[in-house]
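2 protein chains.
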Amino acid sequence: MSLLHKHLRIHQIFGANTDVGKTILTTALVRASAARNTPVFYLKPISTGRLDDADDRHVERYGASDLLETHCFYRYDAPASPHLAAWFSLVLTKQQIPGDETVLRSISKYAQRCAARISEQAHLYVETAGGVHSPTLSGTTHADFYRPLFLPTVLVGDPKLGGISSTISSYESLLVRGYIVDAVVLFRDSHYRNWEYLTTYFAERGVHVSAFDPPPPVHPEPSENVRLTHAYYKALVPQNKKDGIFTVADHLDACHKERLAELESMPRRTLDTIWWPFVQHGLVQDERDVTVIDSAYSDYFSTFRPGKEQVPTAGSSSLLVPEFDSSASWWTQTVGHGHPSLTLAAASASGRYGHVMFPKATHLPALKLAERLVHHGPGKGWANRVFFSDNGSTGMEVALKMALRAYTSRHGEVISKSEKKTLGVLGLKGSYHGDTLGAMDACEEVDVYTSEWHNAKGYWFEPPTVGIRDREVVITFPSAIADLVGSDRLLTKSLGWAYDVGSRLRTPLYQTYAMYIRRTLDSLGQRGAPKLAALVLEPLLMGAGGMIFVDPLFQRAMVDVVRGLNPSEQDWSGMPVIFDEVFVGLNRIGMHSCGSLLGVNPDISVNAKVLTGGLVPLAATLASEHIFNAFLSNEKGKALLHGHSYTAHAIGCEVANEALKMIDKLETSRDWQTAKKKWDSGEKDGSVWSFWDPQFVDGISTVKAVEEVMTLGCVLVIKFRDACGGYTSHSAERALAPLRETIDDGRPSPAPGGLPYTIHLRTLGNVAYFMTSLNTAPSLVRSVEQRISELLSGC
Amino acid sequence: MSLLHKHLRIHQIFGANTDVGKTILTTALVRASAARNTPVFYLKPISTGRLDDADDRHVERYGASDLLETHCFYRYDAPASPHLAAWFSLVLTKQQIPGDETVLRSISKYAQRCAARISEQAHLYVETAGGVHSPTLSGTTHADFYRPLFLPTVLVGDPKLGGISSTISSYESLLVRGYIVDAVVLFRDSHYRNWEYLTTYFAERGVHVSAFDPPPPVHPEPSENVRLTHAYYKALVPQNKKDGIFTVADHLDACHKERLAELESMPRRTLDTIWWPFVQHGLVQDERDVTVIDSAYSDYFSTFRPGKEQVPTAGSSSLLVPEFDSSASWWTQTVGHGHPSLTLAAASASGRYGHVMFPKATHLPALKLAERLVHHGPGKGWANRVFFSDNGSTGMEVALKMALRAYTSRHGEVISKSEKKTLGVLGLKGSYHGDTLGAMDACEEVDVYTSEWHNAKGYWFEPPTVGIRDREVVITFPSAIADLVGSDRLLTKSLGWAYDVGSRLRTPLYQTYAMYIRRTLDSLGQRGAPKLAALVLEPLLMGAGGMIFVDPLFQRAMVDVVRGLNPSEQDWSGMPVIFDEVFVGLNRIGMHSCGSLLGVNPDISVNAKVLTGGLVPLAATLASEHIFNAFLSNEKGKALLHGHSYTAHAIGCEVANEALKMIDKLETSRDWQTAKKKWDSGEKDGSVWSFWDPQFVDGISTVKAVEEVMTLGCVLVIKFRDACGGYTSHSAERALAPLRETIDDGRPSPAPGGLPYTIHLRTLGNVAYFMTSLNTAPSLVRSVEQRISELLSGC
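Going down the list, the protein sequences come from chains Z and V. Going by UniProt numbering, the letters in the first sequence line up with residues 1 to 795, in that order. Going by UniProt numbering, the letters in the second sequence line up with residues 1 to 795, in that order.
Spelled out as structure tokens, the structure:
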């Protein structure tokens with residue numbers, strides 16, 4: 001991942017086009033270092049073209065010095081784009097084309113080796129081939145290929161006619177990948193004068209520009225040519241060691257220093273200014289508790305660890321460490337951080353619309369997303385309306401407003417205004433629907449997630465749960481149900497069986513559940529408890545409440561009971577049913593939505609998180625036409641008077657459209673097929689599966705310190721034995737803390753560049769969870785499994 | 001603005017570089033139209049280079065036909081970038097360089113003229129000069145220059161070495177501006193084979209690619225050259241009228257048809273799927289009530305008006321009409337829609353981070369924004385903590401949670417748990433803090449903005465208000481205060497005087513206000529009303545409640561009273577003070593924040609809307625260290641347990657940083673200086689001013705149908721006389737409806753391309769408001785003023 005060394009300043013040199021002087025200007029930078037007795041390394045990972053023109057020879061010829069080392073990994077004679085040159089070579093000499101990961105590892109290893117060789121300030125220049133989007137050997141374009149290493153960049157501008165355009169476009173393509181562009185350098189062309197325009201242009205954008213005289217034309221007499229070239233470099237790299245290319249070198253040194261200083265200052269400044277969500281600042285001890293995220297890519301954060309640079313980290317001296325984002329950034333991450341497809345979707349919506357106000361208006365990104373959600377998404381078959389808001393919590397507030405109104409409009413005559421305020425919801429203990437007060441009031445009041453105004457309204461059942469204990473899939477009953485069943489748990493045949501709700505409807509347990517639910521509701525009514533107006537469920541898995549996998553049959557029974565015990569009834573005959581799929585929806589737990597597994601659809605459902613692929617806030621509340629009609633009237637005051645300024649913002653909607661398109665593709669990918677096959681238990685309903693390996697999961701379930709383990713889709717949950725569990729427990733944290741440390745055990749690391757990685761761990765009391773994206777590489781999943789297994793093997 | 005005609009298909013031709021064959025391939029497209037007897041127009045607005053090479057001559061020579069018209073507005077001999085060619089010309093021949101707006105008007109007029117001349121399908125190709133980012137005459141790059149016209153685009157790819165890179169980069173620069181790229185066309189080069197790579201690359205992105213043989217080399221014998229060229233074009237434009245360039249022409253025709261069909265279908269589809277915020281769908285009659293926003297730029301939406309294409313709109317036959325976004329897209333718009341600086345800020349944060357989880361972590365965009373807000377922004381001098389959330393409503397929920405906890409932790413011993421749930425806020429009637437239930441509960445219960453669970457907690461004063469009536473600045477008292485003062489209104493000297501709170505503290509009115517407030521609070525206490533725990537104010541202007549300008553002296557008195565009547569006390573001695581600056585903050589009403597005008601700072605404040613420049617949702621709740629400390633503990637459960645998945649998302653924070661930087665620049669701009677000068681009343685505190693002209697405002701205040709008018713900063717409010725006012729009134733709507741119609745009165749239009757524009761009007765019952773961005777062109781403001789004046793002159 002990102003390479004950043006205290007003493008080794010690394011810059012990659014990108015070109016705005018081919019033949020713009022990348023090698024000459026890099027040579028000048030290299031010679032500047034050498035002239036100041038600064039050790040300098042020059043790496044051209046891939047080189048194409050005839051040998052006597054080859055760029056690294058050029059450097060050697062004119063920059064020779066014992067302070068200089070030059071290197072090239074892949075050299076091809078063909079004067080063509082690297083992907084073609086490699087292909088020619090494959091055809092002609094059967095030379096295999098190395099994969100991106102192989103080349104990145106070479107570069108990363110080389111940088112580590114350079115860093116290991118020096119003890120004071122040194123420089124490494126990595127020169128790319130062609131333009132920013134020229135294809136590399138594998139065909140990935142350079143800008144995307146180099147992104148995992150996240151090196152600060154010098155862009156060599158194009159001095160030719162048309163070069164203003166290619167320089168600016170190249171710069172923008174680098175920005176879209178998040179690169180830090182420290183400088184633009186280019187030749188002066190006295191006719192086209194691009195440097196004049198570009199100096200102003202980039203100054204307005206805070207980017208340093210330096211322009212230099214172009215090299216003399218090639219002289220037919222070789223010795224004269226050498227003399228002219230020497231003279232040229234002397235002018236570029238003057239003896240005063242101040243002007244010419246030294247201005248650029250000094251600027252790059254300053255950028256490097258500033259970046260280090262900024263990273264070092266960030267923890268303190270953060271502790272002084274930021275009020276974190278869900279954090280007890282009183283428990284934050286010092287700067288070392290702050291994770292400085294310098295960038296992120298794919299499934300990894302690239303983090304700076306204050307005060308750790310002295311510790312010789314095995315295998316890498318980079319100050320930035322790849323950390324596996326094992327909570328998928330609060331369960332949002334879908335296709336990896338910094339994915340250019342999502343960035344470009346965001347940028348194009350921003351460029352076309354910015355944000356445009358939504359009431360009584362429409363725009364393509366919102367309309368397409370709404371249609372996608374109701375016709376081919378979680379609303380298929382039951383929903384036909386989409387209400388947009390900004391996050392899961394607001395999406396749930398909208399859902400609650402919808403359900404309450406639908407209920408009161410149906411039972412309106414008998415409900416007084418003050419009674420409306422006390423209407424309750426039916427739900428499950430451990431549920432969580434967000435942190436705005438309305439969403440909180442739909443959850444039980446517990447010690448955490450509370451606030452002065454929190455006033456829980458409703459009744460919450462303690463649910464039976466599904467887990468794997470000692471290789472067995474077990475349904476554990478709460479005491480009330482255990483009394484009825486005569487046992488506190490049920491051993492099932494397999495995970496597939498446990499989630500085959502259709503078949504289990506015919507078991508006596510279903511009748512027991514239904515009777516228990518009905519009886520409890522009856523007794524609530526008899527006791528004169530406030531009316532219940534909606535059933536609110538996180539289907540299958542309750543997240544923030546402790547990663548509780550609820551027995552799906554119980555949730556099905558709840559829906560059936562509140563719908564009047566008529567399983568075929570899809571309308572809200574009793575009270576509306578809300579599915580909060582903010583966490584579980586859109587394949588997070590291996591299925592698009594949970595309705596088909598449960599065999600029932602909700603009247604209202606909420607999606608967020610994965611919806612925008614892990615990029616920007618957006619929520620969608622889906623509703624059936626029955627619900628929508630409850631608000632229809634000639635009176636404005638009876639409308640659903642809810643809205644946020646950025647409702648249906650074009651960026652969010654367009655990013656969602658792109659993310660859903662990418663997920664469609666993933667659904668048929670080989671990785672998914674492989675994972676699904678592993679979990680196929682032969683049951684009729686083979687719809688539950690996981691990205692985590694079943695043998696690994698079984699193995700963990702036998703660990704003594706582990707009470708229970710469970711997995712679906714991206715989610716792996718390990719519940720530790722702990723006398724006093726719950727949110728304030730620290731047992732999971734204690735058991736797994738070593739995962740936070742970098743390990744280099746000699747095994748190849750799946751992280752970009754093969755660098756040793758750590759795990760950015762999040763725990764909920766005695767529960768630890770690990771979460772992949774929807775496209776996490778199996779190699780990373782296997783590697784994490786191995787670490788967990790090895791760590792817990794002694795517990 | 002966007003040009004879209006039913007019968008005239010227009011495409012602009014952008015080049016991935018100079019000399020990539022734009023003219024030849026455009027010529028082929030032109031000839032394809034002519035070959036099919038389709039009238040075709042070719043426009044090269046700006047042409048540089050020697051005349052015998054000039055691109056339009058090329059088209060004439062080989063595409064001559066009476067179905068073809070070619071045109072060029074600006075021709076320069078110098079073979080250089082247009083900005084230099086124009087500059088040479090200025091130096092040599094004193095030829096003035098036309099401004100962007102002039103050139104855009106020429107193009108737009110030409111397109112209108114073409115459209116007027118044809119009655120069936122025709123084509124217009126607009127060929128640009130150089131690459132996508134080559135500077136135009138004024139120096140604006142092409143991609144930005146052409147953006148206001150939003151023409152669908154054909155990108156001519158670069159077949160040369162390095163051309164893959166420049167083609168992809170150019171494409172990305174077009175995407176960043178939101179352009180619709182219908183096709184990429186390029187020459188086949190048998191050595192570099194760029195077309196092969198690009199065909200796959202763009203196919204994956206859903207973009208059509210066609211490649212063609214390059215032209216033959218120039219033959220020394222002129223007649224042979226002509227023969228070869230003719231033969232070449234014959235192959236490009238074959239006689240079967242199916243292959244070659246016809247495949248592109250057919251594809252472009254299909255794109256045009258699809259776009260029209262989509263625009264036509266969008267209203268119906270929207271009515272079938274979308275549940276709008278704050279809209280009574282029962283009052284939506286049919287498709288004509290749906291505003292289809294095809295794109296947006298600067299202060300304008302570009303909208304499609306279904307069923308209106310038959311109406312001969314004065315001056316333009318474009319199906320898309322520029323509409324002034326007169327509510328600044330729900331008060332968010334700051335620097336105009338689709339601003340590339342904000343897009344690039346969003347893209348670079350997306351590329352570098354995506355979204356990364358925030359608890360116990362930090363990243364530069366969030367940290368810089370937090371520091372900016374507390375050290376140099378609305379928190380300066382009192383706040384030192386920033387808590388991020390997703391919108392104004394969640395920001396206010398956070399603020400309320402903070403205030404309630406701060407209050408109870410200070411008075412904790414005597415407040416029971418059930419009493420905590422009933423704690424109230426002190427506020428003003430007409431206030432609005434968002435639509436989540438907690439934010440709603442801080443507002444009075446009225447007929448609108450309500451929900452079953454809404455349970456208003458607190459006490460709300462009816463406020464004295466500021467308005468301009470018949471050229472006089474008047475403070476109007478509610479009856480309770482009028483009784484004390486002995487008059488129902490106060491005529492003031494000027495707006496500057498009314499807002500000079502410092503001086504007015506010494507007037508008897510301040511004492512009256514303070515006494516009235518104190519007495520009311522005392523009586524509430526005596527009546528045993530629930531305790532009040534926070535003062536919650538929208539300073540100066542209450543937005544959604546009806547654009548009510550509150551007498552600032554009254555708000556100051558409220559703060560002073562709850563702080564124990566000690567005006568110098570900045571700490572929350574009585575109860576914490578929350579400023580909801582979601583709407584009024586960050587210069588929306590002409591000042592950065594309202595504290596300095598009121599002479600007091602809050603303990604908590606909330607910013608959103610303008611914060612992200614009108615692009616994406618983000619809110620910041622600022623707090624003083626006293627408030628922060630109320631949550632500090634060793635117990636996790638006592639923390640502020642609030643958070644949203646995308647808390648402090650990097651895109652939002654980086655866009656905010658960029659927006660605030662742009663606002664800093666605007667603060668010293670000439671437009672702002674000019675506006676401020678007009679409003680300078682000579683009072684000591686000249687801090688109130690408006691983008692609207694004082695004479696215009698005074699004029700409107702004398703209109704009979706107008707009860708009151710008022711303005712600050714971007715906001716202009718006109719309150720119409722109406723027996724039954726309020727949110728459900730329609731008087732403003734009725735009076736101003738004609739503004740929705742396109743007007744072409746012969747006066748030059750300030751809209752891009754000089755096209756006639758309409759006004760996208762939002763009203764709140766009997767109140768109409770108009771809102772500019774922070775950088776709206778004075779020409780547009782004057783034009784809107786003129787329309788309003790003329791419309792109301794008869795009322």
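Note that CB positions come from ideal geometry on N, CA and C, so glycine has one too. For clarity, every value in this text was computed on a predicted model and none was experimentally measured.
Inset, instruction - Can you grab the Cα-Cα spacing for the pair Y192(Z) / G336(V), in whole Å? - result: What you label residue 192(Z) is simply residue 192 of the first sequence in a count that begins at 1. What you label residue 336(V) is simply residue 336 of the second sequence in a count that begins at 1. Rounded to the nearest angstrom, the two C-alpha atoms are 33 Å apart.
Legend entry - Nearest-angstrom Cβ-Cβ length linking A659(Z) and G613(Z), presumed shorter than 8 Å: Counted from its first residue, the first sequence places residue 659(Z) at position 659. Counted from its first residue, the first sequence places residue 613(Z) at position 613. With 8 Å as the limit, A659(Z) and G613(Z) qualify as a contact, their Cβ atoms being about 3 Å apart.
Legend entry - Other residues of its chain near Y646(Z): CB distance less than 7 Å, five sequence neighbours each side excluded: Mapped onto the first sequence, residue 646(Z) falls at position 646. Result list for Y646(Z): H355, D390, in chain order.
Inset, instruction - Give me the Cα-Cα distance between C795(Z) and S701(Z), rounded to the nearest whole angstrom. - result: Here the question's residue 795(Z) lines up with position 795 in the first sequence. Here the question's residue 701(Z) lines up with position 701 in the first sequence. The straight-line gap from Cα to Cα measures roughly 12 Å.
Legend entry - CB-CB length for E172(V) against V176(Z), believed under 8 Å: As a first step, residue 172(V) must be located in the second sequence, where it is residue number 172. As a first step, residue 176(Z) must be located in the first sequence, where it is residue number 176. Yes, they are in contact, since the Cβ atoms of E172(V) and V176(Z) sit about 6 Å apart, within 8 Å.
Legend entry - Closer than 9 Å to chain Z by CB, I718(V): As a working note, residue 718(V) is residue 718 in the second sequence. No, I718(V) does not count as interfacial toward chain Z.
Inset, instruction - Confirm, please, whether the CB-CB distance from L428(Z) to P378(Z) is below 9 Å. - result: As a first step, residue 378(Z) is located in the first sequence; it is residue number 378 there, counting from the start. As a first step, residue 428(Z) is located in the first sequence; it is residue number 428 there, counting from the start. No, the Cβ-Cβ distance between P378(Z) and L428(Z) is not below 9 Å.
Inset, instruction - May I ask which residues mark the beginning and end of the beta strand (DSSP E) holding Y769(Z)? - result: As a first step, residue 769(Z) must be located in the first sequence, where it is residue number 769. Y769(Z): member of the beta strand (DSSP E) spanning 767–771, first to last residue.
Legend entry - Buried/exposed call for G525(Z), threshold 16 Cβ in 10 Å: Walking along the first sequence from the start, residue 525(Z) turns up at place 525. Burial check for G525(Z): the Cβ neighbour count within 10 Å stays below 16, so the residue is exposed.
Inset, instruction - Measure from the alpha carbon of A235(V) to the alpha carbon of each residue in V218(V), S223(V), N225(V), P214(V), then state which is nearest. - result: Indexing the second sequence from 1 puts residue 235(V) at position 235. Per the C-alpha coordinates, the member of V218(V), S223(V), N225(V), P214(V) positioned closest to A235(V) is P214(V).
Inset, instruction - Compute the beta-carbon to beta-carbon distance between L373(V) and L540(V), rounded to the nearest angstrom, for a pair I have assumed lies under 8 Å. - result: Start at 1 with the first residue of the second sequence, and residue 373(V) comes out as number 373. Start at 1 with the first residue of the second sequence, and residue 540(V) comes out as number 540. Wrong, their Cβ atoms sit about 19 Å apart, outside the cutoff.
Inset, instruction - Measure the C-alpha to C-alpha separation of S69(Z) and T742(Z) and round it to an integer number of angstroms. - result: Counted from its first residue, the first sequence places residue 69(Z) at position 69. Counted from its first residue, the first sequence places residue 742(Z) at position 742. Note on identity: in this sequence residue 69(Z) is Glu, with Ser being the wrong assignment. Rounded to whole angstroms, E69(Z) to T742(Z) spans 30 Å at the Cα level.
Legend entry - Which of helix, strand or coil DSSP assigns to H5(V): Stepping through the second sequence from its first residue, residue 5(V) is reached at position 5. If DSSP states are grouped into helix, strand and coil, H5(V) belongs with coil.
Inset, instruction - May I ask you to report which of helix, strand or coil DSSP gives L780(Z)? - result: Residue numbering aside, residue 780(Z) sits at position 780 when the first sequence is read from its first letter. Residue state, collapsed to three classes: helix.
Inset, instruction - Could you tell me whether the Cβ of S393(V) comes closer than 9 Å to any Cβ of chain Z? - result: For the purposes of this step, residue 393(V) is taken as the residue at position 393 of the second sequence. At least one chain Z Cβ lies under 9 Å of S393(V).
Legend entry - Closest by C-alpha distance to I10(Z), when choosing among T465(Z), I651(Z), V30(Z), F73(Z): Numbered from 1 along the first sequence, position 10 holds the residue referred to as residue 10(Z). Selected option, being the one with the closest Cα: V30(Z).
Legend entry - 8 Å Cβ cut-off: residues of chain V touching I293(Z): For this step, residue 293(Z) is matched to residue 293 along the first sequence. Neighbours of I293(Z) across chain V, judged by C-beta separation under 8 Å: Y353, V356, A361, T362, H363.
Legend entry - Same chain, Cβ closer than 6 Å to W692(V), neighbours up to 5 away in sequence not counted: Counting from 1 along the second sequence, the entry for residue 692(V) is found at position 692. Closer than 6 Å at Cβ, skipping near neighbours: T711, L716.
Inset, instruction - Using a Cβ-Cβ cut-off of 9 Å, state whether R147(V) counts as contacting chain Z. - result: For the purposes of this step, residue 147(V) is taken as residue 147 along the second sequence, with counting starting at 1. Interface residue, yes.
Inset, instruction - Rank S409(V), A751(V), I578(V), F549(V) by C-alpha distance to the C-alpha of L632(V) and give the top, closest one. - result: Residue mapping note: residue 632(V) aligns to position 632 of the second sequence, counting from 1. Residue S409(V) is the option with its Cα nearest to L632(V).
Inset, instruction - Quick one: grab the DSSP three-state call for H208(V). - result: Start at 1 with the first residue of the second sequence, and residue 208(V) comes out as number 208. In the structure shown, H208(V) sits in a strand (DSSP, three-state: E or B).
Legend entry - Whole runs of the alpha helix (DSSP H) within the stretch 68–96 of chain Z, excluding any shorter than 4 residues: 82–93
Legend entry - Proximal chain V residues relative to R193(Z), where beta-carbon distance stays under 9 Å: Against the first sequence, residue 193(Z) aligns to sequence position 193. Those within 9 Å of R193(Z) in chain V are A80, S81, L84.
Legend entry - Bounding residues of the alpha helix (DSSP H) (the contiguous stretch that carries S166(Z)): Sequence index remark: in the first sequence, residue 166(Z) carries index 166 (1-based). Residues 163–176.
Inset, instruction - Flag this pair as touching only if the stretch 773–792 of chain Z and the stretch 232–249 of chain V have three or more C-beta atom pairs under 8 Å; answer yes or no. - result: no
Inset, instruction - Give a yes or no on whether the minimum CB-CB distance between Q786(V) and chain Z is below 9 Å. - result: To locate residue 786(V), count along the second sequence from 1; it is residue 786. Closer than 9 Å: no.
Inset, instruction - May I ask you to report which of helix, strand or coil DSSP gives R588(Z)? - result: Sequence index remark: in the first sequence, residue 588(Z) carries index 588 (1-based). Residue state, collapsed to three classes: coil.
Inset, instruction - With a floor of 4 residues, list each alpha helix (DSSP H) that falls wholly inside the stretch 233–320 of chain V, ordered by position along the chain. - result: 245–273
Legend entry - Coarse secondary structure for T27(Z), derived from DSSP in three states: Stepping through the first sequence from its first residue, residue 27(Z) is reached at position 27. Here T27(Z) sits in helix by DSSP.
Inset, instruction - Please list the segments of the beta strand (DSSP E) lying wholly inside the stretch 697–737 of chain V, counting only runs of 3 or more residues, in order along the chain. - result: Qualifying beta strand (DSSP E) stretches, in chain order: 706–712, 715–720.
Inset, instruction - Check R787(Z) in the structure and name its three-state DSSP category. - result: Within the first sequence, the letter at position 787 stands for residue 787(Z). Helix.
Legend entry - Segments assigned beta strand (DSSP E), at least 3 residues, entirely inside the stretch 644–683 of chain Z: none
Legend entry - Anticipated Cβ contact below 8 Å, H339(V) with I168(Z), distance rounded: The residue you call residue 339(V) lines up with position 339 of the second sequence. The residue you call residue 168(Z) lines up with position 168 of the first sequence. About 16 Å separates the two Cβ atoms, so there is no contact after all.
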